[in-house]
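Student: The structure under discussion is supplied below as structure tokens; questions concerning it will follow.
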Amino acid sequence: MNAEGRSRLDQMPEWTALGKHREQMGEVRLRELFEQDPGRAERYTLQVGDLHLDYSKHLVTDETLRLLGDLAAATDVTGLRDAMFRGDKINNTEQRSVLHTALRAPGSAVIASDGENVVPAVQAVLTKMSIFSDRVRSGDWKGHTGKRIKTVVNIGIGGSDLGPAMAYEALRAYSHRDMQFRFVSNVDGADLHEAVRDLDPAETLFIVASKTFTTIETITNATSARDWLLAGLGAAGSGGAGSAGEAVAKHFVALSTNAEKVAEFGINPDNMFEFWDWVGGRYSYDSAIGLSLMIAIGHEQFREMLAGFHLVDEHFRTAPPHENAPLLMGLLGIWYGNFWDAQSHAVLPYSHYLSKFTAYLQQLDMESNGKSVDRDGNPVHWQTGPVVWGTPGTNGQHAYYQLLHQGTKMIPADFVGFARPVPDLRPGLVPQHDLLMANFFAQSQALAFGKTPEEVRAEGVAEELVPHKTFRGNHPTTTILASELSPSVLGQLVALYEHKVFVQGAVWNIDSFDQWGVELGKVLAKRIEPALTEGAEVPGLDPSTAGLVGKYRALRGR
Ligand code: F6P
């Protein structure tokens, strides 16, 4: 038993039973599973809101699913889930509630953190965001020189960038097409340079998004953006050094939990949209962090997206285990990661609008479950979060799918696709959607069932080429098919993955809501910077890094 009174995961009978089951399964073949069970495809599908989820192409049987369910029960996934929804401080290393689900709860809900109902504050911020976004969209909010805002630049990093950037891209078809939206994250000055080089400062609104308002990348970029704005407005003749504060008030707003730091930066607290420490950065784009998205799509559609999130929250909270999609997806990941030695997980969206979806999921999953100690600080003796990767189809097919089909690695994958193209697609392009989706269906079919040597020979292929043209198949995939990529469906998809990540963290007994692993690099970068600029001695630099720093200085002529 560990300090929480929970047995070590890999010593639980439910865990060892899964190990034995895996051994007994041996070389299970998807072809045979389908032959033996004609009802498999129908039985192994779930409908959650608008999401149709087919998990029949997995290396599982009813027995596997039963044993995975036993593991979830033994590790009390639902207990931790209920504690999360209740507002208990399940982020134990930071002693915080984990209440992103409150961000999309109806206004009538009562959800307490530290004994206080958080829902009224959530709704008040949503209202403030709605009023502001309406004013920007309609042109009622004017810049310092009286011009309307044409471009919104979100400056943030990690969860304060990936979420709004991904969702804006996903919902571009629903966005205000006369406005532009750009996202700056990298401390590499090239990012800001390229984002603003063709903009008129008088028509540009900067949204500085940072939960802590201390993140060096964001504060550095925001400071440079302010310099660019003031210089530009000064050159335009109608701003001027004397009115810098007024100009900033018209062109800068902040999204943060840290009012003090926002004021210190020079942004009027009236122009700050608040959120709270119980919203993790990677779970935050449905909070004030989504302001750029709300300006893009309008508050009604933003609310539709929140309703989509909430629908899946309710499903996760109430659906019985065998019909619970996030639970199932989490357990399938555990099956492959812990019992099949899969190291990575591919997410392959067949929608160009989801071009940033996998990058978003990388932070969600890898920052949450990239842990190697359990909730009590003991080393884990089992694999935790996978490497998450992927790009939109069909591009990946002409890049890395070769390895998926014929390589040596076990890589479970999710295919995400939509029955209809986005509503404003030019009619002439609509037929391409069927071609896109034909690829979507073909790829998971090929991955699952492959092509046997006999089938290759039957095509008259020369014997020496038969091994090269054979597809082993048996690669497990989940297919998620939805009607169309609407605001609600995006919310449903993101909530599905959020809770999948939750389930895995709960079984592995790790804290999915801290991210101490990003700290060391930050501290070292601060220490190294003076060595680059001033040649300062950095105590404790290892010989390799010291050599590289010396080389850098020489190349810079310092
Ligand atoms: O990468 C670490 C991290 O803290 C993320 O969790 C977070 O999303 C990101 O930095 C940005 O943090 P902030 O919103 O405080 O600027």
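One point on numbering: in my numbering, the residue at position 512 of the sequence shown is 922, and numbering is uninterrupted. Glycine residues also receive a C-beta, built at the ideal position from the N, C-alpha and C atoms.
For S854, does the three-state DSSP call read helix, strand or coil?
Tutor: Within the sequence shown, residue 854 is the residue found at index 444, counting from 1. If DSSP states are grouped into helix, strand and coil, S854 belongs with the helices.
Student: Identify which residue in D952, E947, P953, T943 has its Cα closest to the Cα of L965.
Tutor: Along the sequence shown, one-based indexing puts residue 965 at 555. Out of D952, E947, P953, T943, T943 has the C-alpha closest to the C-alpha of L965.
Student: Taking only runs of the beta strand (DSSP E) that begin and end inside the segment 447-535, which ones reach a length of at least 3 residues, in chain order?
Tutor: Taking only runs of at least 3 residues, the beta strand (DSSP E) segments lying wholly in the segment 447-535 are 455-458, 461-464.
Student: Just list the residues that DSSP pairs I617 with in beta bridges.
Tutor: Here residue 617 corresponds to residue number 207 of the sequence shown, with the count starting at 1. Paired residues: N564, V663.
Student: Report the option in V871, M704, T801, H603 whose CA atom is closest to the CA atom of A577.
Tutor: Taking the sequence shown and counting its residues from 1, the one referred to as residue 577 is at position 167. The residue with the shortest Cα to Cα distance from A577 is M704.
Student: Less than 8 Å between the C-beta atoms of R418 and H791, yes or no?
Tutor: Position 8 of the sequence shown, counted from the first residue, corresponds to residue 418. Position 381 of the sequence shown, counted from the first residue, corresponds to residue 791. Contact: yes.
Student: Beta-carbon separation of V783 and V487 under 8 Å?
Tutor: Looking up residue 783 in the sequence shown gives position 373. Looking up residue 487 in the sequence shown gives position 77. For V783 and V487, no; Cβs fall outside 8 Å.
Student: On a Cα-Cα basis, can you pick out the residue from L469, D464, Y907, A484 that is closest to F749?
Tutor: As a working note, residue 749 is residue 339 in the sequence shown. Measuring from the Cα of F749, the nearest candidate turns out to be L469.
Student: Return yes when at least one heavy atom of the ligand F6P lies under 7 Å from the C-beta of T625, else no.
Tutor: What you label residue 625 is simply residue 215 of the sequence shown in a count that begins at 1. Yes, since a heavy atom of the ligand F6P falls inside the 7 Å radius drawn around the Cβ of T625.
Student: With a cut-off of 8 Å on the beta carbons, I'd call I991 and L615 a contact; round off their distance for me.
Tutor: Residue 991 is absent from the structure shown; the chain starts at 411 and stops at 968.
Student: Hey, how far is the Cα of A752 from the Cα of L701?
Tutor: Within the sequence shown, the letter at position 342 stands for residue 752. Within the sequence shown, the letter at position 291 stands for residue 701. C-alpha separation (whole angstroms): 38 Å.
Student: For P530 and P423, I'd like the C-alpha separation in whole angstroms.
Tutor: On the sequence shown, residue 530 is found 120 positions in, with the first residue counted as 1. On the sequence shown, residue 423 is found 13 positions in, with the first residue counted as 1. If I take the Cα positions, the gap works out to 45 Å.
Student: Using the Cα positions of P390 and V871, report the straight-line distance between them to the nearest angstrom.
Tutor: What the structure shows of the chain is the stretch from 411 to 968, and residue 390 is not part of that stretch, so it cannot be assessed.
Student: Kindly indicate which three-state DSSP category W799 falls into: helix, strand or coil?
Tutor: Position 389 of the sequence shown holds residue 799. W799 falls in the strand class under three-state DSSP.
Student: Closer than 8 Å is the cut-off here; do at least three beta carbon pairs connect the segment 460-477 with the segment 887-905?
Tutor: They touch, by the three-pair rule.
Student: Go through the segment 674-716 residue by residue and report every complete run of the beta strand (DSSP E) that reaches 3 residues or more, in order.
Tutor: Complete beta strand (DSSP E) runs here, min 3: 682-684.
Student: Within 7 Å: the Cβ of K621 and any heavy atom of the ligand F6P?
Tutor: Residue 621 sits at position 211 when you count from the first residue of the sequence shown. For the ligand F6P, at least one heavy atom lies less than 7 Å from the Cβ of K621.
Student: If we count the other Cβ atoms within 10 Å of its Cβ and call it buried at 16 or more, is K819 buried or exposed?
Tutor: Within the sequence shown, residue 819 is the residue found at index 409, counting from 1. It is exposed - the Cβ of K819 has fewer than 16 other Cβ atoms within 10 Å.
Student: What do you reckon, are the CB atoms on Y760 and L846 nearer than 8 Å?
Tutor: As a position in the sequence shown, residue 760 is number 350, starting the count at 1. As a position in the sequence shown, residue 846 is number 436, starting the count at 1. Their beta carbons are under 8 Å apart, which means Y760 touches L846 by this criterion.
Student: Could you name the residues of the same chain whose beta carbon sits closer than 6 Å to that of F881, not counting the 5 residues immediately before and after it, in chain order?
Tutor: As a first step, residue 881 is located in the sequence shown; it is residue number 471 there, counting from the start. For F881, where only same-chain residues beyond five positions count, the Cβ hits under 6 Å are H815, G860, K861.
Student: Thinking C-alpha only, which one of S507, R937, V797 is nearest G690?
Tutor: The residue you call residue 690 lines up with position 280 of the sequence shown. Minimum Cα distance to G690 is reached at S507.
Student: Looking at C-beta atoms only, is the number of pairs between the segment 473-481 and the segment 737-744 that lie closer than 8 Å three or more?
Tutor: Yes: the two stretches touch, three or more of their Cβ pairs being nearer than 8 Å.
Student: Are three or more beta carbon pairs between the segment 618-633 and the segment 560-571 nearer than 8 Å?
Tutor: A contact exists between the segment 618-633 and the segment 560-571.
Student: Taking the alpha-carbon of H843 as reference, which of Y811, G803, V866, E864 has the nearest alpha-carbon?
Tutor: Counting from 1 along the sequence shown, the entry for residue 843 is found at position 433. For the residues Y811, G803, V866, E864, the minimum Cα distance to H843 belongs to G803.
Student: Where are the beta strand (DSSP E) runs, 3 residues long or more, that stay fully inside the segment 569-641, in chain order?
Tutor: Here the runs fully enclosed are 590-594, 614-619.
Student: Entirely within the segment 744-785 and at least 3 residues each: give me those beta strand (DSSP E) ranges in chain order.
Tutor: DSSP runs (the beta strand (DSSP E)) wholly in the segment 744-785: 754-759.
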